[in-house]
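First up is the structure itself, then whatever we jot down about it.
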Amino acid sequence: MKYTTTKRMQKYAASVVCALSIFTAVQAAPVWAAPIPTAAVSQSAAQQHVQSANWEPTVKASLNQFMDMYGNRSASYDAANRPYAVFDFDNTTSILDVEEQLMVWQLDRLAFAIEPDQMEAVLRTGIPADKLTLTYGADDGDGRPVSIEAAIKDAAAAYKQLYAKGLITKTGKEQPAEVRVSPEYKEFTAKMRWLYDAIGDTMDASVSYPWVTYWYTGMTPDEVYNLAYESHSFYGNPDKGQTWSKGKYVSPVDYKSEAGNVSVSYKLGITVSPEMKELYKTLNDNGIDTWIDTASPVDVVRAAVDYFQVPGVDGIVGMTNKKDAQGRYINSYDYELHAQTQGVGKSLTIDKVIAPKYNGQGPVFAAMDSQGDFNFCTEYKNTKAVLILNRERSDDAGLCAAVAAWQKKHGVTLAEANKNGDTLFLLQGRNENAGVLWATDQTRLLGKKDNAYLSDKALDVISQLDAGKTVKQALEDNTKLKDYQGYKTR
Numbered sequence: 018m019k020y021t022t023t024k025r026m027q028k029y030a031a032s033v034v035c036a037l038s039i040f041t042a043v044q045a046a047p048v049w050a051a052p053i054p055t056a057a058v059s060q061s062a063a064q065q066h067v068q069s070a071n072w073e074p075t076v077k078a079s080l081n082q083f084m085d086m087y088g089n090r091s092a093s094y095d096a097a098n099r100p101y102a103v104f105d106f107d108n109t110t111s112i113l114d115v116e117e118q119l120m121v122w123q124l125d126r127l128a129f130a131i132e133p134d135q136m137e138a139v140l141r142t143g144i145p146a147d148k149l150t151l152t153y154g155a156d157d158g159d160g161r162p163v164s165i166e167a168a169i170k171d172a173a174a175a176y177k178q179l180y181a182k183g184l185i186t187k188t189g190k191e192q193p194a195e196v197r198v199s200p201e202y203k204e205f206t207a208k209m210r211w212l213y214d215a216i217g218d219t220m221d222a223s224v225s226y227p228w229v230t231y232w233y234t235g236m237t238p239d240e241v242y243n244l245a246y247e248s249h250s251f252y253g254n255p256d257k258g259q260t261w262s263k264g265k266y267v268s269p270v271d272y273k274s275e276a277g278n279v280s281v282s283y284k285l286g287i288t289v290s291p292e293m294k295e296l297y298k299t300l301n302d303n304g305i306d307t308w309i310d311t312a313s314p315v316d317v318v319r320a321a322v323d324y325f326q327v328p329g330v331d332g333i334v335g336m337t338n339k340k341d342a343q344g345r346y347i348n349s350y351d352y353e354l355h356a357q358t359q360g361v362g363k364s365l366t367i368d369k370v371i372a373p374k375y376n377g378q379g380p381v382f383a384a385m386d387s388q389g390d391f392n393f394c395t396e397y398k399n400t401k402a403v404l405i406l407n408r409e410r411s412d413d414a415g416l417c418a419a420v421a422a423w424q425k426k427h428g429v430t431l432a433e434a435n436k437n438g439d440t441l442f443l444l445q446g447r448n449e450n451a452g453v454l455w456a457t458d459q460t461r462l463l464g465k466k467d468n469a470y471l472s473d474k475a476l477d478v479i480s481q482l483d484a485g486k487t488v489k490q491a492l493e494d495n496t497k498l499k500d501y502q503g504y505k506t507r
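Final position of the sequence shown in the working numbering is 507; the numbers increase by one with none missing.
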């Protein structure tokens, strides 16, 4: 797709039509069903630079240098081949994880459309037979080992009891106190949320990421969207569920089950910061399209973009399952649409879905927070800058954070990094206890009193860079990925 220098609204309308074809093949209502402020974005004064004082100073200066060098005020800007940015969503665009928050909403309200005799099979979907016997600690991963297979059987059994009592509904509802204290309710909610952590911590992302999407089996895309929108409007509202705290599910100690008692904690609160919305808008005002490449279900993120009014989003690609003849999701990932949008699958999806609309070029800007974003934020030749939301990661996101800290320490500018053939990595901190970005590259993690900065792995990479390794060598020599294509190879 070639873009011209026509009015911004014409370009945006065209992008929405394009996005509709990508998001879903069966959609009764428009994708942008909730009030995303398209008109407000186009009518407000164009913003050449980010302005918030909550950006880390080096990040702010570098973002603005990026707008000057690659935006539509640059002599090298090609209106016929617009540049674009790709953002991760959970913990990058958003503060905390919208899909994990929806899980709590779904469990608390018993919002499921799975037939009771199908639940165990749904929960087993995609898990290799030899992995079912893996164990995980009963208390948030610690303590007594519990079999994943046993917990699946327990969750399915409790679900049948709740279903038989008429408590399971597709839309869910706030459950009365007598239900919430019942043993089968406590058993079901605790075992389901515990399984999410257990599978995620013991199995490959190709198993764990699609697994949670199967919770929406039997729902249409619109029904998932509406469920997610309700969740976002509760946990994204400081007057309701946005408490920036932690909750806990505990199954009954004396309840007859195969796995025994488990407990699992979860976070409460989600938002999209004013600074992140400012960045999306500023990129758009500078003629740079903005896309989201998310490991969450696409309908969940569509709802978040709408509720939090993230401006100027040109398209979203995310985890998407196949549908039955009635347009309801089934427990099978739709690989014909695109790869799983995690890890290298994010790059593969950019190559298949996004890049062809831009004459095959990769993103000029990317934003990330974790391992699942490492590939798409490091592999593209024409990526000039990468924003990292600091979470003190010890995975490959920590490598990117290390490069950012090293470049900052040595005063490397965007122009210098790009002239050397490198991406400029930028590290931005936040305070998760208040749900805000702040003007430092350190982060205060939820529930913590002290700031976090860099993991031991990241500090080691800085030492390697100080000793003379290039950015390319630091990333390729230290990645945990066995099949990493390489830095700037796409």
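From the three backbone atoms N, C-alpha and C, an ideal C-beta is built for every residue, glycine too.
Identify every residue that forms a DSSP beta bridge with residue i.
i: Ala-102; result: Thr-307, Phe-382
i: Val-453; result: Asn-448
i: Asp-107; result: Partner(s): none; Asp-107 has no beta bridge.
i: Asp-159; result: Asp-156
i: Phe-83; result: None, per the DSSP bridge assignment.
i: Arg-461; result: Asn-448
i: Leu-404; result: Ala-384, Leu-443
i: Ser-164; result: Thr-152
i: Ile-112; result: Thr-288
i: Ala-469; result: Thr-460
i: Ala-128; result: Thr-186
If residue i sits next to residue j, beta carbons under 8 angstroms apart, how far is it from one beta carbon to the other, in whole angstroms?
i: Tyr-297; j: Gly-329; result: 5 angstroms
i: Ile-144; j: Val-224; result: 6 angstroms
i: Arg-507; j: Gly-379; result: 6 angstroms
i: Asn-81; j: His-66; result: 4 angstroms
i: Thr-358; j: Asp-331; result: Actually they do not touch by this definition, with Cβ atoms about 16 angstroms apart.
i: Tyr-352; j: Asn-338; result: Wrong, their Cβ atoms sit about 10 angstroms apart, outside the cutoff.
i: Trp-215; j: Tyr-153; result: In the sequence on display, residue 215 carries Ala and not Trp. Contact holds; Cβ gap of about 4 angstroms.
i: Lys-203; j: Pro-269; result: 5 angstroms
i: Thr-582; j: Ala-384; result: Coverage of the chain is limited to positions 18 through 507, which leaves residue 582 absent and any answer about it impossible.
i: Lys-505; j: Glu-396; result: 7 angstroms
i: Ser-533; j: Phe-325; result: Residue coverage of the chain in this structure runs from 18 to 507, which leaves residue 533 outside it and unanswerable.
i: Ala-155; j: Asn-278; result: 7 angstroms
i: Leu-443; j: Ala-421; result: 6 angstroms
Answer yes or no: do residue i and residue j have a C-beta to C-beta separation smaller than 8 angstroms?
i: Ser-280; j: Asp-171; result: no
i: Thr-311; j: Tyr-231; result: no
i: Ala-96; j: Ser-164; result: no
i: Val-318; j: Ile-309; result: yes
i: Ile-509; j: Ala-419; result: What is shown of the chain runs 18 to 507, which leaves residue 509 out entirely.
i: Lys-511; j: Asp-386; result: A query on residue 511 cannot be resolved here, the shown segment of the chain reaching from 18 to 507 and no further.
i: Ala-475; j: Leu-416; result: yes
i: Met-84; j: Pro-227; result: no
i: Thr-440; j: Lys-401; result: yes
i: Ile-305; j: Val-381; result: yes
i: Leu-482; j: Glu-409; result: no
i: Ser-282; j: Val-115; result: no
i: Asp-323; j: Ala-63; result: no
i: Val-229; j: Met-120; result: yes
i: Leu-406; j: Gln-445; result: yes
i: Ala-320; j: Ala-245; result: yes
i: Leu-285; j: Gly-258; result: yes
i: Pro-162; j: Tyr-272; result: no
i: Leu-212; j: Val-196; result: no
i: Val-327; j: Lys-294; result: yes
i: Thr-75; j: Lys-425; result: yes
i: Arg-210; j: Tyr-266; result: yes
i: Ser-248; j: Gln-118; result: yes
i: Leu-113; j: Glu-493; result: no
i: Ala-173; j: Leu-140; result: yes
Check whether the segment 258-266 touches the segment 180-190, taking contact to mean three or more Cβ pairs, one atom from each stretch, closer than 8 angstroms. no
Indicate whether the contact test is met: 3 or more Cβ pairs, each with one atom in the segment 461-468 and one in the segment 118-135, closer than 8 angstroms. no
Pair every Cβ in the segment 233-250 with every Cβ in the segment 208-222, then say whether three or more of these pairs are closer than 8 angstroms. no
Do the segment 483-491 and the segment 86-103 make contact, defined as three or more Cβ pairs closer than 8 angstroms? no
Would you be able to state if there are at least three C-beta pairs under 8 angstroms between the segment 288-304 and the segment 446-464? yes
Give the list of continuous beta strand (DSSP E) stretches no shorter than 3 residues that lie fully inside the segment 305-368. 306-314, 330-336, 338-340, 346-350
For the segment 221-282, which segments carrying the alpha helix (DSSP H) assignment without a break, of at least 4 residues, lie completely within its bounds, in sequence order? 222-230, 238-252
List, from N- to C-terminal side, the beta strand (DSSP E) runs of 3 residues or more that fit wholly inside the segment 181-216. none
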